[in-house]
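Below: one structure, written as structure tokens.
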Amino acid sequence: MLTPDAIKGKASELGFDLCGIASAEAFPELSFLEEWLQRGYAGQMAWMSRTRERRADVRNVVPGARSVIVTGTLYNTNRPYGDEQPSDVARLSRYAWGDDYHHVIKSRLDDLLEWMHTTSDRPFEGRAYVDTGPVQERVYAQYAGLGWIGKNTCLINREVGSWLFLGEIICTLPLAPDEQGLEQCGSCTRCLEACPTGALVEPAVLDSNRCLSYLTIELRSSIPEEHRSSMGGHVYGCDICQEVCPYNQPAPSSSDAPWQPRAGLDLPRLVDLWRVPDADLRALLKGSAMTRAKLVGLRRNLAVAIGNEGDPDSLAALQEPAADRPSISDPLVQEHITWAMEQARKT
Ligand code: SF4
Ligand code: SF4
């Protein structure tokens, strides 16, 4: 019989660390998206605006939906946080070190959904999503009892922290919901204070235009000069507001094979990553979550990070002839190399 406990048991068997159930309602927190978009905090992410109506309520995604089964998967691995890494290391968000979570988690959710269909004594509609779907999954995760939305905007679980991939199955089955997760940030403001660009403009309100995750991944154009120095060694994403969170001190590590760092992405030196030929870089990133920034975007970010590092040998590498790295010739990359060299002259 398809009970909530049976679903959670199967989810655990399939490798999910957390699983809870929320009812498919228009919870009050969902309505803030409209104001957030109107404030311009989505930056160039036009797809957020295009899907605003669907994001307002999961019943716009699956008509007749009654329940949202939310899963959490720990991806933290046994590597030091950024402030304990050598200064010449390329800062890559830890979620991107291994295989692309979209594919891995979606495949596990599809297995769970298929099992639900074969186990249920009545037919139902269900759809699985991981991150890319038009769903405000952190709100449903909170109502499914997985944790609370912290002031850093991440879903935090008291026991395992916030290094979690979320996924969900929206379905027409009326399942008993879990108790809502309660806010436990209290008076802490560590993430707000640690953000290098002031992107957390209020508790749990992110201005993407200032966030290094947005600037290094989603932004396709030139990085605004005012934020380049604040990037430090960040090349793909930013983990600072999670690294400082007391609920991640320490966070448990996962031994799940897909999240273990790939050899070339395991704390690589900036200059070493810069020197990887385009063809090898493409091969290294294939099937990882790091393809989103594209090769030119990565080169752009690496140039800024090397400019911030200020090491003469790394700076010289920016100007080496590189027939095997045609992406460097892109005008966007060249503009950021010029900025990096100017930084070095100023210091
Ligand atoms: S990811 Fe980095 S830049 Fe973005 S809000 Fe967190 S600390 Fe700030
Ligand atoms: S650092 Fe503090 S305020 Fe920020 S999310 Fe963690 S507990 Fe909440």
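The sequence shown begins at 754 in the working numbering and counts up by one.
Glycine included, each C-beta is placed from N, C-alpha and C at the ideal position.
So what's residue i in DSSP terms, helix, strand or just coil?
i       : result
Asn910  : strand
Gly900  : coil
Thr872  : helix
Glu782  : helix
Tyr848  : helix
Ala1032 : helix
Ile970  : helix
Ser802  : helix
Thr1091 : helix
Tyr854  : helix
Gly879  : strand
Ile760  : helix
Val1024 : helix
Leu697  : The first residue shown for the chain is 754 and the last is 1100, placing residue 697 beyond what the model contains.
Gln787  : With the sequence shown as reference, residue 787 is identified as Glu, and Gln is not the correct amino acid for it. Note: Glu787 maps to helix in three-state DSSP.
Gly990  : coil
Gly920  : strand
Ile774  : strand
Leu827  : strand
Val842  : strand
CB-CB under 7 Å to residue i, same chain, minus the five flanking residues each way: which ones, in chain order?
i       : result
Glu782  : Val892
Ala1075 : Ile1081
Val954  : Asp960
Ala1093 : Ala1056, Val1057, Ile1059, Gly1060, Leu1068 and Leu1071
Gln838  : Leu1020
Gly1124 : Nothing about residue 1124 can be read from this structure; the chain reaches only from 754 to 1100.
Pro1030 : Asp1077 and Arg1078
Cys941  : Pro999
Thr885  : His855
Asp810  : Ala779 and Leu783
Should residue i and residue j be called a contact, given that it needs their Cβ atoms to be closer than 8 Å?
i       : j       : result
Ala957  : Pro757  : no
Leu1037 : Thr1044 : no
Val888  : Arg808  : yes
Ala881  : Ile970  : no
Gly825  : Asn910  : yes
Leu865  : Leu945  : no
Asp931  : Gly903  : no
Leu862  : Gly934  : no
Val1024 : Arg1053 : no
Pro999  : Thr830  : no
Ala1004 : Gly914  : yes
Ile993  : Ala1042 : no
Arg996  : Tyr834  : Here the sequence assigns Glu to residue 996, which means Arg is not the residue at that position. The answer is yes: Cβ separation under 8 Å.
Ile923  : Val814  : yes
Ser802  : Ala795  : yes
Leu1034 : Val988  : no
Gln797  : Leu972  : yes
Trp868  : Lys761  : no
Gly1040 : Ser840  : no
Which same chain residues, not among the five before or five after residue i, have their C-beta less than 8 Å away from its C-beta?
i       : result
Tyr718  : What is shown of the chain runs 754 to 1100, which leaves residue 718 out entirely.
Gly1063 : Gln1096, Ala1097 and Thr1100
Arg943  : Val997, Cys998 and Pro999
Ser983  : Pro949, Thr950 and Leu965
Trp901  : Gln895, Leu908, Ile909, Gly934, Leu935, Glu936, Gln937 and Cys938
Kindly list the residues whose CB is nearer than 6 Å to the CB of residue i, restricted to its own chain and excluding five residues on each side of it in sequence; keep chain order.
i       : result
Cys991  : Leu965 and Ser966
Arg927  : What sits at residue 927 in the sequence shown is Pro, not Arg. Counting only Cβ-Cβ distances below 6 Å, and skipping sequence neighbours, we find Arg819.
Asp1083 : Val1049
Cys938  : Gly903 and Lys904
Within the 8 Å Cβ cut-off, does residue i reach chain B?
i      : result
Leu919 : The structure shown has no chain B; it contains just one protein chain.
(request) Mind listing which residues have their beta carbon within less than 5 Å of any non-hydrogen atom of ligand 2? Chain order is fine. (result) Gly903, Lys904, Asn905, Cys938, Cys941, Arg943, Cys944 and Cys998
(request) Taking 8 Å as the threshold, find out whether the region 786-800 comes into contact with the region 842-854 through three or more Cβ pairs. (result) no
(request) Kindly confirm or deny that the region 1004-1019 and the region 872-888 touch, where touching means at least three C-beta pairs closer than 8 Å. (result) no
(message) Can you confirm whether the region 770-781 touches the region 884-899 when touching is taken to mean that 3 or more C-beta pairs between the two stretches lie within less than 8 Å?
(response) yes
(message) Taking 8 Å as the cut-off, does the region 761-779 touch the region 811-828 (at least 3 CB pairs, one atom from each stretch)?
(response) Touching, per the Cβ criterion.
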